[in-house]
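Student: Have a look at this one before I ask anything.
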Amino acid sequence: MGKKKLEELNLRDLIDILIRRFKIILGAILIMIIVVAVYIYVIQDTVYEARATISVVRTDETEERSIGGSVEDLLESITHLNALNRRNLGVVVRSAEVIERALEEGNLSDRFSPEEVSGKLSLTFHDESNLVTLSVRDQNPESAANLVNAVSVAFVEKIRQEISETAAENLAFIESQLEIERNTLDEVLEREKDFVSQARGIRDLNRELDRLSDQLADYRVDIRNLEAQYEGLRAAVESLEGDLASETRGTEAYALIADQRARQRALMNQTSAELETKKELVEGITDDLREVRILYSTLESEQRGLFEEIERRVEIYDLFTAKYQEIKIIKEFEASDTLIGLTSEAHTPSMPIGTNRRMILMIAGFLGLIFGVVAAFGKEYWENTKPESKSPSNSAGNHS
Numbered sequence: 173m174g175k176k177k178l179e180e181l182n183l184r185d186l187i188d189i190l191i192r193r194f195k196i197i198l199g200a201i202l203i204m205i206i207v208v209a210v211y212i213y214v215i216q217d218t219v220y221e222a223r224a225t226i227s228v229v230r231t232d233e234t235e236e237r238s239i240g241g242s243v244e245d246l247l248e249s250i251t252h253l254n255a256l257n258r259r260n261l262g263v264v265v266r267s268a269e270v271i272e273r274a275l276e277e278g279n280l281s282d283r284f285s286p287e288e289v290s291g292k293l294s295l296t297f298h299d300e301s302n303l304v305t306l307s308v309r310d311q312n313p314e315s316a317a318n319l320v321n322a323v324s325v326a327f328v329e330k331i332r333q334e335i336s337e338t339a340a341e342n343l344a345f346i347e348s349q350l351e352i353e354r355n356t357l358d359e360v361l362e363r364e365k366d367f368v369s370q371a372r373g374i375r376d377l378n379r380e381l382d383r384l385s386d387q388l389a390d391y392r393v394d395i396r397n398l399e400a401q402y403e404g405l406r407a408a409v410e411s412l413e414g415d416l417a418s419e420t421r422g423t424e425a426y427a428l429i430a431d432q433r434a435r436q437r438a439l440m441n442q443t444s445a446e447l448e449t450k451k452e453l454v455e456g457i458t459d460d461l462r463e464v465r466i467l468y469s470t471l472e473s474e475q476r477g478l479f480e481e482i483e484r485r486v487e488i489y490d491l492f493t494a495k496y497q498e499i500k501i502i503k504e505f506e507a508s509d510t511l512i513g514l515t516s517e518a519h520t521p522s523m524p525i526g527t528n529r530r531m532i533l534m535i536a537g538f539l540g541l542i543f544g545v546v547a548a549f550g551k552e553y554w555e556n557t558k559p560e561s562k563s564p565s566n567s568a569g570n571h572s
């Protein structure tokens, strides 16, 4: 290609350079692939991962049981087994009891220490299902599979043990609460019996209210009639007094009118007395009616509160009874795979984890290609930019 300037190169010249420097490019690719292959196959530690799948009916985390809270919240917290919540599962799988049991039952005590096992364990939760993956990483694939299977068995047994203990504790608690609620309900029912059997009950007061109300209404009608009668008598007396004033004193007509006026006045006075008596009776009945209404309202409120308490106590007793049956069912399922069970054991992994070796080697080859191309063009540039050395003949000609 001679001394042709690099900026004057065209695509054909570039391809020509790549062909002539092919050995440099190929060498760079091979060197990069060999270096990376030595690292990932010889220097880098090979790690295998074994996985076991466990089915767990997980529950939400709940606060500690408290008698002071509402009954519904209390019973809801009993339903959620804290042994199956995510935090407890993560703690139990790394507990010393589970790891030591796994090492002992799996005959792995001479191969792993409890601290080493705790660092190798990984628990993965799948939120879209009830599956949990327990995995172990180790350089020996068989050891990884044996260890994760032993830990899975010990882990499931421990959780079942906690479920059994929790169920037994809850059953004992519910039984004691049932006894308390039964006694409380009996006391409330006894109070209701005493309330109904008292001498002056709601029904008696209701009948007395009706009687007093009817009597008060009758008296008020009598008062209105007496008032009308009184007004009629008063008008008659006034009329007679007018007639009497127009008559001559001492005449027979005057005496007759005076006698009629006296009789009307007597009737008016009698009516007025009866009217006052009726009004006094109305005031007395009104006072009695007010007292009976107050007593009736008090007893009615007491009865309503008593009935509401009975209804609430019956409801609470039914809730505890239903929860007792529910806990009994959970206790029956404690040894089955319904709540927790090993779905699939781990098999000995055949391929290591952590790196995709084929992909890494392909990337190394690509990087080697890039370095080779850069080296090829660099070498071409270096050779074409060397200063030209003067020949002896040209130098002698110049001197002459």
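Residue numbers (our numbering): 173 to 572.
All residues carry an ideal CB built from backbone N, CA and C; glycine is no exception.
Keep in mind that this is a model prediction, so the values were computed, not measured.
DSSP has T225 in a bridge; who is on the other side?
Tutor: T305, S516
Student: Closer than 6 Å by C-beta to L316: which residues in its own chain qualify, once you throw out the five before and the five after it? Chain order, please.
Tutor: According to the sequence shown, residue 316 is Ala rather than Leu. Closer than 6 Å at the Cβ level, and outside the excluded window around A316, lie Y220, A222, V308, D310.
Student: Under 8 Å, do T458 and L388 count as touching if we go by C-beta distance?
Tutor: In contact: T458 and L388 (Cβ atoms closer than 8 Å).
Student: What's the call for R383, buried or exposed, on a 16-neighbour Cβ count within 10 Å?
Tutor: exposed
Student: Going along the chain, which residues of its own chain have a beta-carbon closer than 7 Å to the beta-carbon of I201, five neighbours each way excluded?
Tutor: G537, G540, L541, G544
Student: Between F345 and L319, how many whole angstroms is the CB-CB distance? I'm expecting something under 8 Å.
Tutor: With 8 Å as the limit, F345 and L319 do not qualify as a contact, their Cβ atoms being about 38 Å apart.
Student: Kindly indicate which residue of A430, E353, F327, S418 has the alpha-carbon position closest to the one of E277.
Tutor: The shortest C-alpha separation from E277 is found at F327.
Student: What's the C-alpha gap between I580 and T520?
Tutor: Nothing about residue 580 can be read from this structure; the chain reaches only from 173 to 572.
Student: Can you name the start and end residues of the beta strand (DSSP E) that L293 belongs to?
Tutor: 293-297
Student: Return the residue from the list Y496, L412, N556 that minimises the CA-CA distance to N342.
Tutor: For N342, the closest alpha carbon among the candidates Y496, L412, N556 is that of Y496.
Student: What does DSSP give as the partner residue(s) for Y220 in the beta ladder?
Tutor: Y220 pairs with D310.
Student: If I follow the unbroken alpha helix (DSSP H) through N257, where does it start and stop?
Tutor: No alpha helix (DSSP H) holds N257; DSSP gives it neither H nor E.
Student: Does the region 363-370 touch the region 449-458, meaning 3 or more C-beta pairs lie closer than 8 Å?
Tutor: The region 449-458 is not in contact with the region 363-370.
Student: Just to check, is the beta-carbon of V210 closer than 7 Å to a non-hydrogen atom of the ligand MN?
Tutor: The ligand MN is absent from the structure shown, which contains no ligand whatsoever.
Student: From the DSSP output, in three-state form, read off N342 for me.
Tutor: helix
Student: Spell out a yes or no on whether the region 486-495 and the region 394-406 are touching, meaning 3 or more CB-CB pairs, one atom from each, closer than 8 Å.
Tutor: no
Student: Measure the Cβ-Cβ separation of L478 and E334 and say whether it is below 8 Å.
Tutor: no
Student: Which residue wins for smallest C-alpha separation from N312, given the options D358, G550, K292, R193?
Tutor: K292
Student: Assess contact between the region 441-451 and the region 402-410, defined as three or more Cβ pairs (one per stretch) separated by less than 8 Å. Is contact present?
Tutor: yes
Student: With a 10 Å radius around its C-beta and 16 neighbouring C-beta atoms as the bar for buried, classify Y391 as buried or exposed.
Tutor: buried
Student: Below 8 Å between beta carbons: does that hold for L361 and I482?
Tutor: Cβ atoms of L361 and I482: closer than 8 Å.
Student: Can you tell me which of the three DSSP states I466 falls into?
Tutor: helix
Student: What is the rounded straight-line gap between the Cα of E419 and the Cα of Y426?
Tutor: 6 Å
Student: Hey, how far is the Cα of E410 from the Cα of T470?
Tutor: Roughly 53 Å separates the two Cα atoms.
Student: Mark R476 as exposed unless 16 or more other C-beta atoms lie within 10 angstroms of its C-beta, in which case mark it buried.
Tutor: exposed
Student: To which residues of the same chain is R193 closer than 6 Å at the C-beta, ignoring the five residues directly before and after it?
Tutor: A548
Student: Check whether the Cβ atoms of A518 and N279 sit closer than 8 Å, and answer yes or no.
Tutor: no
Student: Identify, in the order they occur along the chain, each residue of the same chain with its Cβ nearer than 8 Å to the Cβ of G199, setting aside the five sequence neighbours on each side.
Tutor: G544
Student: With a Cβ-Cβ cutoff of 8 Å, do V289 and F297 count as a contact?
Tutor: Contact flag unset, no.
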